[in-house]
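Here is the structure we will look at, set down as C-alpha cells.
Residue numbers (the working numbering), protein chains in the order written: chain L, 1 to 329; chain C, 1001 to 1329.
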C-alpha cells in the first residue's frame, strides 16, 4: 500500500507515528507499505543565520525517535548552552527556543543549502540519520514563508506583517491575525516527487494538522490541489477540531483570520473539492453534513493520547478509505 | 602610551594579557594607555559552514576572561553537544574541536559576515561582549588562508595542499610541510586602522607568536611591512624560541618549511628590516649577533608561567623600547 500524507508539526507527526504503528499490523502483498509525507515548510524561519524547518524536523524527530516527548517538538535531553551564549552576545531573537542538539540539525541544513543543495535533498540527507520510516518531502524546494498581518500599536490604524513564528511563538497567537499571507507561494514549485506521490498513491491522508498554516499552505503550492482533485486515491482527512476547539495548537486563531468557523464541519469545507472521507471525533458525530458530493464521515475518538491511540485513528482513516474505493492493498 | 601589537593565538594572547596587567602599574599622562592588536586571520577556517577565527577568538577570550585556561584556547566550562550531533549526522570534519559555547561565537560571526559586515566590524561587535581592553583588529577584512603543501601518499612524488588547520590540528604538524602558502595574501588589504595603528603608535610589539604562520602572515599583508619599516615607534619583539625550541606550538616545523633555523637569532633575522629591539630568554643570552644596524637585544626569562610572569616580559619589552627612543609615555 502506498500512502501519501500531508503534514504540519506535532499533530501530523503523532498521527504519522500512529500510522506506522498501525501498518505494522497490516499484512502486505509482499512489497512493504510505503509512506510518503509532504511536509509544510511555510513556517520555516532563519534564526541566527540558521535555517530552521520546524515541521519537517518535528516529523523527522518524532518518527526517528529523537523527539522531546513531553513538548512534542525539539530534541529529548536538550541543553541550551548555545542559546545562552547567543543571548550573552545580545543576539536576538531569544523567543524561539533552539536547543544545542537541535541546532546541529540547523547547522547541517544551513551548510548544505548554502552549497546549493535543494531542501528536498537536504531533508533526505538528514533523514539518513533518523530513518523515520517514511519518505519525507518538503512541499517545495522554493522558499515560502507565512507572514501574519497584525495591528501596529505604533501607528493608529496601521498594520504590519510579522513572520508566522513571531506571531505563533512570541505572541502565542494572542494578537488577532488580520490576514495570513504565504509569501512566495505563487512562485513555489512542488518539490520533486510531491505531485507523483499524490497522484500515484493508494490512499491520501490529511492528518489533524493546522488547516490554515500547515495543510493550507501545502494546498497553496501550485499543482498540489489539482493533484488531490485528480488522484485516483481516496483522500481521507482527520479533523484537527474536536468539539469546536483545536485538539492542540491555536488553529482557531488561524481559522478566525480567514473567516472560517472553528468546527469539524467548517474545516471539511476547506477541503470540499477533493475530500472523500472525513474522520471526526465522537463528540462531533452528526455535526458534519453528508450526502450528495460531500465526503463520507465517520466518528471515532480522536485524542492521540499515546501511540496506540494514534494508531487506532490512522487505522480508522484507512478503513474509511478502503470503504470508498476498490480494495487498496 | 599607544601600543600596537601583532598577535597570533595562545602565545600572543598570554603576552597581551601580561601587557595589560603590566600597564595597570604604569602611570599615564592623563589619557589612558591604548593598546591595538592586529590579529592573524590566515588560519581562519570554515567548518560546518561556520567561520572560525581561532587567533582572534583566543585573544578575545583570553583578554575577556572566557578562555579555557588549561588548554589556552576555546571556552572554559565547555560542552560538546553540537559536535556530538554533527558527528551523528556523519558530518565532518571531527578533528577540529568546536565546543557549544564557542560555536555561538561562530554562529554570530557567520551571520554578520553573511549580511555583508566586514570582519573588522564583526570582531568589534563580538568584543562588545568580551571587552578585552584592547582594540582588536583583524589583519585584513579580505580572506587569506594558509595552506600547507605536503607529500601525497596516494601519488608517488605527488604533493597536495591542505588547510593549515588540517596540518596543525589533525596531523599535529608531524607531516613535513614542503611549502607554506598564504592563499589570497597578495590581494588582501589591511583592515581599516591597521596601518594607522602601526604608523602612529608609540611602541610596536611583536609577542612571542609563530613567526611564520602568525606574525609572518600579518607581515605578508601588503602595506604592513612598509608601515613597520616606516613607523617612528620602536619595534620590539619577544622571541618565540627559547633554547632552540618553540616555547609552545610547533613553530619549528614551520621554520623548517621555510628553511629557517629554529633559534632566537634566526627569527630575529626574519624581522631584520624593521626590528629595533629583541627580547630573548636568558638561556639564549649571547646567541643573537648585535651591533651595526642590528636590533638591540636583551635577555630575560621568557616563560609565561602566569599573568605576572607575562607582565614582567611585557614590561621588559617596553623598557627595551624606551631605551631605544625618546621617552614614549
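C-beta: ideal position from N, C-alpha, C; glycine also.
(message) Nearest by alpha-carbon distance to residue 302(L): which of 162(L), 7(L), 1(L), 11(L) is it?
(response) Taking the first residue of the first chain as position 1, residue 302(L) is located at position 302. Out of 162(L), 7(L), 1(L), 11(L), 11(L) has the C-alpha closest to the C-alpha of residue 302(L).
(request) Give the residues from the region 57-85 of chain L that approach chain C closer than 7 Å (Cβ to any Cβ), ordered along the chain. (result) Correct list: 79, 81, 82, 85.
(request) Would you kindly report the start and end of the unbroken beta strand (DSSP E) that includes residue 303(L)? (result) Walking along the first chain from the start, residue 303(L) turns up at place 303. Note, residue 303(L): premise wrong, no beta strand (DSSP E); not H, not E.
(message) Do residue 154(L) and residue 178(L) have their beta-carbon atoms positioned less than 8 Å apart in this structure?
(response) Looking up residue 178(L) in the first chain gives position 178. Looking up residue 154(L) in the first chain gives position 154. The answer is no: Cβ separation not under 8 Å.
(message) Between residue 52(L) and chain C, is the shortest Cβ-Cβ distance under 8 Å, so that the two count as touching?
(response) The residue given as residue 52(L) occupies position 52 in the first chain. It does not: the Cβ of residue 52(L) has no partner Cβ on chain C nearer than 8 Å.
(request) Have a look at residue 327(L) and residue 80(L) and give me their C-alpha separation to the nearest angstrom. (result) Position 327 of the first chain, counted from the start, is the residue given in the question as residue 327(L). Position 80 of the first chain, counted from the start, is the residue given in the question as residue 80(L). Only weak support is given to the placement of residue 327(L): the predicted model assigns it a pLDDT of 40, under 50, and the question is left unresolved by the model.
(message) For a test of the three-state rule: what should DSSP assign to residue 1002(C), helix, strand or coil?
(response) For the purposes of this step, residue 1002(C) is taken as the residue at position 2 of the second chain. Residue 1002(C): strand per DSSP, three-state reduction.
(message) Here's the rule: buried if 16 or more other CB atoms are within 10 angstroms of the residue's CB, otherwise exposed. What is residue 293(L)?
(response) Residue numbering aside, residue 293(L) sits at position 293 when the first chain is read from its first letter. Answer is exposed; the Cβ neighbour count stays below 16.
(request) Consider the Cβ of residue 104(L): report whether some Cβ of chain C lies at a distance smaller than 8 Å. (result) Against the first chain, residue 104(L) aligns to sequence position 104. So yes, residue 104(L) belongs to the interface.
(request) Check the Cβ-Cβ distances between residue 1010(C) and every residue of chain L, and say whether any is below 8 Å. (result) Here residue 1010(C) refers to the residue found at position 10 of the second chain. Cβ-Cβ to chain L under 8 Å: no for residue 1010(C).
(request) Indicate the three-state DSSP secondary structure (helix, strand or coil) for residue 1108(C) in the structure shown. (result) The residue labelled residue 1108(C) in the question sits at position 108 within the second chain. Three-state result, residue 1108(C): helix.
(request) Evaluate residue 1277(C) with the Cβ neighbour count: other Cβ atoms within 10 Å of its Cβ, from every protein chain shown; 16 or more gives buried, anything less gives exposed. (result) The residue you call residue 1277(C) lines up with position 277 of the second chain. It counts as buried.
(request) Spatial neighbours of residue 965(C) within its chain, please: CB distance less than 6 Å, with the 5 preceding and 5 following residues excluded, ordered by chain position. (result) Missing from the structure shown is residue 965(C); chain C here goes from 1001 to 1329 and no further.
(message) For chain C, check one thing: does any of its Cβ atoms lie closer than 8 Å to the Cβ of residue 415(L)?
(response) Examination of residue 415(L) is not possible in this model, given that chain L is present from 1 through 329 alone.
(request) Whole angstroms is fine: what's the gap from residue 164(L)'s alpha carbon to residue 134(L)'s? (result) As a first step, residue 164(L) must be located in the first chain, where it is residue number 164. As a first step, residue 134(L) must be located in the first chain, where it is residue number 134. Distance from the CA atom of residue 164(L) to the CA atom of residue 134(L), rounded to whole angstroms, is 27 Å.
(request) For residue 1148(C), name the three-state secondary structure that DSSP assigns. (result) Here the question's residue 1148(C) lines up with position 148 in the second chain. Here residue 1148(C) sits in strand by DSSP.
(request) Using the DSSP secondary-structure output, state which residues sit across from residue 46(L) in a beta bridge. (result) Walking along the first chain from the start, residue 46(L) turns up at place 46. Residue pairing of residue 46(L) in beta bridges, as defined by DSSP: 51(L).
(message) Assuming residue 6(L) and residue 206(L) are in contact, meaning their beta carbons sit under 8 Å apart, how far apart are those beta carbons, in whole angstroms?
(response) Here residue 6(L) refers to the residue found at position 6 when the first chain is read from its first residue. Here residue 206(L) refers to the residue found at position 206 when the first chain is read from its first residue. Confirmed, Cβ separation roughly 5 Å.
(message) Suppose you measure from the CA of residue 39(L) to the CA of residue 58(L); what does that come to, to the nearest Å?
(response) By 1-based counting over the first chain, the position of residue 39(L) is 39. By 1-based counting over the first chain, the position of residue 58(L) is 58. So the two alpha carbons sit approximately 10 Å from each other.
(message) Within 10 Å of its beta-carbon, does residue 95(L) have 16 or more other beta-carbons around it, so buried, or fewer, so exposed?
(response) Position 95 of the first chain, counting from 1, holds the residue named residue 95(L). In summary, residue 95(L) is exposed, with fewer than 16 beta-carbon neighbours lying within 10 Å of its beta-carbon over all protein chains present.
(message) Using C-beta distances below 7 Å, list every residue in its chain close to residue 355(L), excluding the 5 sequence neighbours before and after it, in chain order.
(response) Because chain L here runs from 1 to 329, residue 355(L) falls outside it and cannot be looked at.
(request) Look at the Cβ atom of residue 229(L), then the Cβ atom of residue 273(L), and state whether they are nearer than 8 Å. (result) Position 229 of the first chain holds residue 229(L). Position 273 of the first chain holds residue 273(L). Closer than 8 Å, so yes.
(message) On the criterion of 16 or more Cβ atoms from any shown chain inside 10 Å, does residue 221(L) qualify as buried, or is it exposed?
(response) As a position in the first chain, residue 221(L) is number 221, starting the count at 1. Under the 10 Å beta carbon count, residue 221(L) is surrounded by 16 or more other beta carbons and is classified as buried.
(request) Report the three-state DSSP secondary structure of residue 1273(C) (helix, strand or coil). (result) The count along the second chain starts at 1 and reaches residue 1273(C) at position 273. Correct three-state label for residue 1273(C): coil.
(message) Less than 7 Å between C-beta atoms, sequence neighbours within five positions excluded: which residues of the same chain meet that for residue 1317(C)?
(response) Position 317 of the second chain, counted from the start, is the residue given in the question as residue 1317(C). Closer than 7 Å at the Cβ level, and outside the excluded window around residue 1317(C), lie 1205, 1236, 1238, 1279.
(request) Using alpha carbons as the reference points, say which of 146(L), 185(L), 27(L) lies closest to residue 166(L). (result) The residue you call residue 166(L) lines up with position 166 of the first chain. Closest by alpha carbon: 146(L).
(message) Since residue 307(L) and residue 21(L) should fall inside the 8 Å C-beta cutoff, what is the C-beta to C-beta distance between them, to a whole number of angstroms?
(response) Position 307 of the first chain holds residue 307(L). Position 21 of the first chain holds residue 21(L). With 8 Å as the limit, residue 307(L) and residue 21(L) qualify as a contact, their Cβ atoms being about 5 Å apart.
(message) Here's the rule: buried if 16 or more other CB atoms are within 10 angstroms of the residue's CB, otherwise exposed. What is residue 1122(C)?
(response) Within the second chain, the letter at position 122 stands for residue 1122(C). That one is buried.
(request) Give every residue of the same chain whose Cβ lies closer than 7 Å to the Cβ of residue 17(L), excluding the five residues on either side of it in the sequence, and list them in chain order. (result) Translated into positions along the first chain, residue 17(L) becomes position 17. Closer than 7 Å at Cβ, skipping near neighbours: 62, 63, 307, 310.
(request) State yes or no: is the beta carbon of residue 88(L) nearer than 8 Å to at least one beta carbon in chain C? (result) Within the first chain, residue 88(L) is the residue found at index 88, counting from 1. Yes, residue 88(L) lies at the interface with chain C (some Cβ there is under 8 Å from its Cβ).
(request) Output the distance between the C-alpha atoms of residue 1264(C) and residue 77(L), rounded to the nearest integer angstrom. (result) Against the second chain, residue 1264(C) aligns to sequence position 264. Against the first chain, residue 77(L) aligns to sequence position 77. Approximately 52 Å, taken between the alpha carbons.
(message) What would DSSP say about residue 1036(C), mapped onto helix, strand or coil?
(response) Residue mapping note: residue 1036(C) aligns to position 36 of the second chain, counting from 1. In this structure, residue 1036(C) counts as strand in the three-state DSSP scheme.
(request) At 3 residues or longer, and completely inside the region 186-246 of chain L: list those beta strand (DSSP E) runs for me, N to C. (result) The beta strand (DSSP E) runs lying completely inside the region 186-246 of chain L and spanning 3 residues or more are 203-206, 235-238, given in chain order.
(request) Measuring only between beta-carbons, confirm whether residue 107(L) sits less than 8 Å from chain C. (result) Looking up residue 107(L) in the first chain gives position 107. It does; some Cβ of chain C falls within 8 Å.
(message) Quick check on residue 22(L): does DSSP put it in helix, strand or coil?
(response) Counted from its first residue, the first chain places residue 22(L) at position 22. Note: residue 22(L) maps to helix in three-state DSSP.
(request) Quick one: list the residues of chain C neighbouring residue 49(L), beta-carbon separation under 7 Å, in chain order. (result) As a working mapping, residue 49(L) is identified with position 49 in the first chain. The answer, in chain order, is 1107, 1110, 1111, 1114.
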